[in-house]
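Visitor:
Numbering (the working numbering), first residue to last: 12 to 192.
1) Would you mind reading off the limits of the alpha helix (DSSP H) that contains residue 116?
2) Residue 156 bridges to which residues according to DSSP?
3) Please give the ranges of any beta strand (DSSP E) in the segment 40–105, keeping only runs that are unbroken, at least 3 residues long and fully inside the region.
4) Inspect the beta-carbon positions of residue 133 and residue 49 and report whether they are closer than 9 Å.
5) Evaluate residue 108 with the Cβ neighbour count: other Cβ atoms within 10 Å of its Cβ, from every protein chain shown; 16 or more gives buried, anything less gives exposed.
6) Taking the beta strand (DSSP E) that residue 168 falls in, what are its first and last residues?
7) Check for me: the beta strand (DSSP E) holding residue 178 runs from which residue to which?
8) Put residue 128 into one of helix, strand or coil per three-state DSSP.
9) What is the DSSP secondary structure of residue 138, reduced to helix, strand or coil?
10) Roughly how far, in whole angstroms, is the beta-carbon of residue 177 from the beta-carbon of residue 51, given that I think they are within contact range, below 8 Å?
11) Are residue 181 and residue 41 close, meaning C-beta to C-beta below 9 Å?
Below, the structure written as structure tokens:
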């Protein structure tokens, strides 16, 4: 059962990657809430922009990342036990074309003057890899999380920390940008 909660109700990431859409404006095929009250609390801080990058930009990003990821083995556990079946890197320096894409992400996701992390976190999940329920730490992630889904669509499930029955499943289409504030 969904009960209204204050704006401070925290949602954690459970599974994870044109115009900027608010969650309430997304097509039904992109959002599956447990109830409308849950969705309405998420709407102000959740954004999705389909087709944020082109196929060519996706190929450039993947072409730059694949040689680095190929050197790493898929891991079964993360330091905080939140991710299984993954490879990850953090990257500071990018080619000019990829830097331009990442600058567009920064301009869409972060208000002017907001502190941003300099490193870009890249996560590659195996076919059977997954992200377990967790709440991202502002200390490690900042107050905004933004991501681009590369190579495939995915489903992200957001769950209310205080009531796990309150949840929203989001379809994140390939090449889309998602932003959570």
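We put the CB at the ideal spot given by N, CA and C, even for glycine. All of these numbers come straight from a predicted model, not from anything done at the bench.
Guide: Answer, in terms of the structure:
1) 107–120
2) 191
3) 42–44, 57–60, 94–102
4) no
5) exposed
6) 165–171
7) 178–183
8) coil
9) strand
10) That belief does not hold up - the Cβ atoms of residue 177 and residue 51 are roughly 11 Å apart, past 8 Å.
11) yes
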